Amino acid sequence: MNDFQRRSAEINDLLCVLNILNWDARTQMPAGGSAARAQQLATISALTQEKLLDPAYEASAREVGGSDVEERAAQQALAAIAALKRIPTQLTRELALLKSEAQEVWARARAASDFGMFAPLLTRMVDLNRQLAEALGYDGHPYDALLNLYEPGLTVETLLPLFDRLRAHHVPLLRAIQEQPQPRSDFLNRSYGAAEQKRLSLALAQKFGYDTARGRLDESAHPFEISFTRQDVRITTRIQENFLSGALFGTLHETGHAMYEQGVRPELSRTVLTSDLLGLYAVGGASYGTHESQSRLWENRIGRSRAYWELHFPQLQATFPEALGDVDTAAFYRAVNTVRPSLIRVEADELTYDLHIMLRVELERALIGGELAVEDLPAAWNARVKADLGLEVPDDARGVLQDIHWSAGMFGSFPTYTIGNVMASQFYAAALEQRPQLEEALARGEYAPLLGWLTDNIYQHGRTYTPHELLTRVTGRGLDPQPYLDYLDGKYGELYSLDTQEEQTR
0 MNDFQRRSAE
10 INDLLCVLNI
20 LNWDARTQMP
30 AGGSAARAQQ
40 LATISALTQE
50 KLLDPAYEAS
60 AREVGGSDVE
70 ERAAQQALAA
80 IAALKRIPTQ
90 LTRELALLKS
100 EAQEVWARAR
110 AASDFGMFAP
120 LLTRMVDLNR
130 QLAEALGYDG
140 HPYDALLNLY
150 EPGLTVETLL
160 PLFDRLRAHH
170 VPLLRAIQEQ
180 PQPRSDFLNR
190 SYGAAEQKRL
200 SLALAQKFGY
210 DTARGRLDES
220 AHPFEISFTR
230 QDVRITTRIQ
240 ENFLSGALFG
250 TLHETGHAMY
260 EQGVRPELSR
270 TVLTSDLLGL
280 YAVGGASYGT
290 HESQSRLWEN
300 RIGRSRAYWE
310 LHFPQLQATF
320 PEALGDVDTA
330 AFYRAVNTVR
340 PSLIRVEADE
350 LTYDLHIMLR
360 VELERALIGG
370 ELAVEDLPAA
380 WNARVKADLG
390 LEVPDDARGV
400 LQDIHWSAGM
410 FGSFPTYTIG
420 NVMASQFYAA
430 ALEQRPQLEE
440 ALARGEYAPL
450 LGWLTDNIYQ
460 HGRTYTPHEL
470 LTRVTGRGLD
480 PQPYLDYLDG
490 KYGELYSLDT
500 QEEQTR
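The sequence shown begins at 0 in numbering that gives the first Met the number 0 and counts up by one.
Structure, rendered in structure tokens:
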């Protein structure tokens, strides 16, 4: 191990410690521990940045030669060092302190459905993120600097045309669907025992290929996946006893993230290529959008497919015989794919999900740009929900307080969910083209062939490639929404007996 590798390993260890502290804070830590935990996170964050900015580390990166992978790691480290040099250490510390405090207050505010409790901390968070954007620098909108933290190369200028194209497709399709009879789905809101939900969700995750010798499932206020190297990758879910889909599909979603991290090849462990040095996270994916492509692929393309439930509905029904005794496979499949505008993003159907993302992106872009004040955010949120989804927001918990992202300071991360939807369809189409027998295997409940293809082509590389490089290597082209639009047209055209070509031209 050379000097650069040794120093990079120490930095990765510190990032994993930060992840462990964050996991504990969101799953196990008593509420009284939040102030002390904030200090701990701030200290470790500052130490990590000090190690990153140590001139000896930069010098060691400049001395790296050898394989393309080693040189890529060094170049990524040098790029991160150059950016971090522009960020004051005090700003890093303030952000770390505020994130811990803000997440604890957000959780209480959400439980009380009281935005006023959270507003002062959100105001500070917006201000610190504006300072971060200025420190990082940008050519267009200050939001660009934050976007680049999560999806390298993404800008407002490139993002908005993609959103315009998706909106032009989604809204007419949604209106056409709303004109059709809606399937029955009331049984999803019957009584489902929490312990049984957790047990079944974990069993289905394991069938996909989630290795519980290197992971575990816990509960949290907001589902997430977190990695402490490929040997310890944990997921959480949120269980509601009167809503089956939340925990079930939330677990499958996080399983996609987890299998990505578990699939990084061992040689990359404790290297720059499993570290987000700018965000100060241990994360192995090429970008947040690439990561999201895998959670959306496994949750939706596989977990909401007809073939999947033809295999697994009997197990679900046996687990909940009273709640699902009068339901058959076809009815369940239609219910979990019902298109119906809803208030909660993580419970949204595939079609309206992107509308939730566009709403959030527009609002946080305005917050960072100074066009929207924090105190006006609930009204702006409610107005957009009414305009985009046709719904009245009854309270803050089901409105502006539903997502953890702003309390965690993750401004610029929301677009990656839609980027992930687009990438997922591109990757899946490439997999089927290269291995036409995959769908037959999936119909038999054999998920290893798909997981193997994804591991070989995506997971094993960690952060070796940029998202654009990886997408081009795997699919032969850059970001292209057409496979995603074709998938939605095909799926919902069949489910709702639509002539999608006619509907798109109406």
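Where a beta carbon is used, it is the ideal one built from N, C-alpha and C, also for glycine. No experiment lies behind these values; they were computed from the predicted model shown.
What separation, rounded to the nearest whole angstrom, lies between the Cα atoms of V326 and D488?
By one-based count along the sequence shown, residue 326 stands at place 327. By one-based count along the sequence shown, residue 488 stands at place 489. Cα-Cα distance, rounded: 27 Å.
Beta-carbon proximity of V263 to T270, cut-off 7 Å:
For this step, residue 263 is matched to residue 264 along the sequence shown. For this step, residue 270 is matched to residue 271 along the sequence shown. Not closer than 7 Å, so no.
For the stretch 173-184 against the stretch 444-461, are there 3 or more C-beta pairs whose distance is under 8 Å?
no
Below 8 Å on the Cβ atoms is my guess for E218 versus I238; work out the distance and round it to an integer in Å.
As a first step, residue 218 is located in the sequence shown; it is residue number 219 there, counting from the start. As a first step, residue 238 is located in the sequence shown; it is residue number 239 there, counting from the start. Rounded, the Cβ-Cβ distance is 6 Å, consistent with contact.
Using 10 angstroms around the beta-carbon of M124, count the other beta-carbons present and answer buried if the total reaches 16, otherwise exposed.
Translated into the one-based positions of the sequence shown, residue 124 becomes position 125. Per the 10 Å Cβ criterion, buried.
Which full runs of the alpha helix (DSSP H) of 4+ residues lie inside the stretch 122-155, going along the chain?
141-149
C-alpha distance - M258 paired with S292, whole-angstrom precision
In the sequence shown, residue 258 corresponds to position 259, counting from 1. In the sequence shown, residue 292 corresponds to position 293, counting from 1. Distance between the alpha carbons of M258 and S292 is about 12 Å.
Could you pull the start and end residues of the beta strand (DSSP E) that S226 belongs to?
The residue labelled residue 226 in the question sits at position 227 within the sequence shown. It spans E224 to S226 - the beta strand (DSSP E) in which S226 sits, taken as one unbroken run.
Where T250 falls, given that 16 or more other Cβ within 10 Å makes a residue buried
Position 251 of the sequence shown holds residue 250. T250 should be labelled buried.
I need the DSSP call for Q503, collapsed to helix, strand or coil.
Walking along the sequence shown from the start, residue 503 turns up at place 504. Low per-residue confidence applies at Q503: pLDDT is 49, beneath 50, and the placement is therefore not dependable enough to give any value.
Is Q433 helix, strand or coil when you go by DSSP?
Counting from one through the sequence shown, the residue named residue 433 turns up at place 434. Helix.
According to DSSP, is R36 helix, strand or coil?
If you number the sequence shown from 1, residue 36 lands on position 37. Note: R36 maps to helix in three-state DSSP.
Rounded to whole angstroms, what's the CA-CA distance from D429 to V473? Just pull it up for me.
Within the sequence shown, residue 429 is the residue found at index 430, counting from 1. Within the sequence shown, residue 473 is the residue found at index 474, counting from 1. Before going further, note that residue 429 is Ala rather than Asp in the sequence given. A429 and V473: Cα-Cα distance of roughly 7 Å.
Extent of the continuous beta strand (DSSP E) run through T273:
Reading the sequence shown from its first residue, position 274 is the one you call residue 273. Note, T273: premise wrong, no beta strand (DSSP E); not H, not E.
Within 10 angstroms of its Cβ, does E501 collect 16 or more other Cβ (buried), or is it exposed?
The sequence position of residue 501 within the sequence shown is 502, counting from 1. Only weak support exists for where E501 lies, its pLDDT of 47 falling under 50; the value from the coordinates is given anyway. Exposed: under 16 other Cβ atoms inside 10 Å.
DSSP three-state label for D327, please.
For the purposes of this step, residue 327 is taken as residue 328 along the sequence shown, with counting starting at 1. Coil at D327, not helix or strand.
Helix, strand or coil: how does DSSP classify L201 here?
Within the sequence shown, the letter at position 202 stands for residue 201. Helix, per DSSP.
Touching by the beta-carbon criterion (3+ pairs, under 8 Å), the stretch 118-136 and the stretch 367-374
yes
Does the separation of the CB atoms of V155 and G136 fall below 7 Å?
Locating residue 155 in the sequence shown gives position 156, counting from the first residue. Locating residue 136 in the sequence shown gives position 137, counting from the first residue. In this structure, G136 does not lie closer than 7 Å to V155 by Cβ.
I'd like the list of long-range same chain contacts for A246, defined as Cβ closer than 6 Å, with 5 residues on each side in sequence excluded.
Walking along the sequence shown from the start, residue 246 turns up at place 247. Closer than 6 Å at the Cβ level, and outside the excluded window around A246, lie Q196, S200, T236 and I238.
By how many angstroms is the C-alpha of G408 removed from the C-alpha of S268?
Looking up residue 268 in the sequence shown gives position 269. Looking up residue 408 in the sequence shown gives position 409. Rounded to the nearest angstrom, the two C-alpha atoms are 26 Å apart.
I356 versus L83: straight-line alpha-carbon distance, rounded:
Locating residue 356 in the sequence shown gives position 357, where the first residue counts as 1. Locating residue 83 in the sequence shown gives position 84, where the first residue counts as 1. If I take the Cα positions, the gap works out to 29 Å.
Please say whether G411 and L90 have beta carbons closer to each other than 7 Å?
Taking the first residue of the sequence shown as position 1, residue 90 is located at position 91. Taking the first residue of the sequence shown as position 1, residue 411 is located at position 412. No, these two residues do not count as a Cβ contact at 7 Å.
For the beta strand (DSSP E) containing T235, name the first residue and the last one.
Translated into positions along the sequence shown, residue 235 becomes position 236. That run of the beta strand (DSSP E) goes V232 to T236.
In angstroms, rounded to a whole number, what distance separates the CA positions of S406 and T463?
Position 407 of the sequence shown, counted from the first residue, corresponds to residue 406. Position 464 of the sequence shown, counted from the first residue, corresponds to residue 463. Using only the alpha carbons, I get a separation of about 30 Å.
The beta strand (DSSP E) that contains E218, what's its start and end?
Indexing the sequence shown from 1 puts residue 218 at position 219. That run of the beta strand (DSSP E) goes L216 to E218.
According to DSSP, is Q239 part of a helix, a strand, or is it coil?
Position 240 of the sequence shown, counting from 1, holds the residue named residue 239. Correct three-state label for Q239: strand.
Buried or exposed for M0, please, with buried defined as at least 16 other CB atoms from any protein chain shown within 10 angstroms of its CB.
Along the sequence shown, read from residue 1 onward, the residue named residue 0 stands at position 1. Exposed, since its Cβ has fewer than 16 Cβ neighbours within 10 Å.
Three or more beta-carbon pairs under 8 Å between the stretch 69-82 and the stretch 12-20, yes or no?
no
Taking Cβ to Cβ, would you say V338 is nearer than 7 Å to D348?
Here residue 338 corresponds to residue number 339 of the sequence shown, with the count starting at 1. Here residue 348 corresponds to residue number 349 of the sequence shown, with the count starting at 1. Yes, the pair counts as a contact, with Cβ atoms nearer than the cut-off.
Could you please give me the residues that DSSP links to Y280 through a beta bridge?
On the sequence shown, position 281 is the one that residue 280 refers to. D275.
Which whole-angstrom value describes the C-beta separation of S286 and E150, a residue pair presumed to lie in contact below a C-beta threshold of 8 Å?
Residue 286 sits at position 287 when you count from the first residue of the sequence shown. Residue 150 sits at position 151 when you count from the first residue of the sequence shown. Contact flag correct, Cβ pair sits at about 5 Å.
Quick one, which of T328, N381, T254 and R229 has its alpha-carbon nearest G461's?
By 1-based counting over the sequence shown, the position of residue 461 is 462. Looking at the Cα atoms, R229 is the closest of the given residues.
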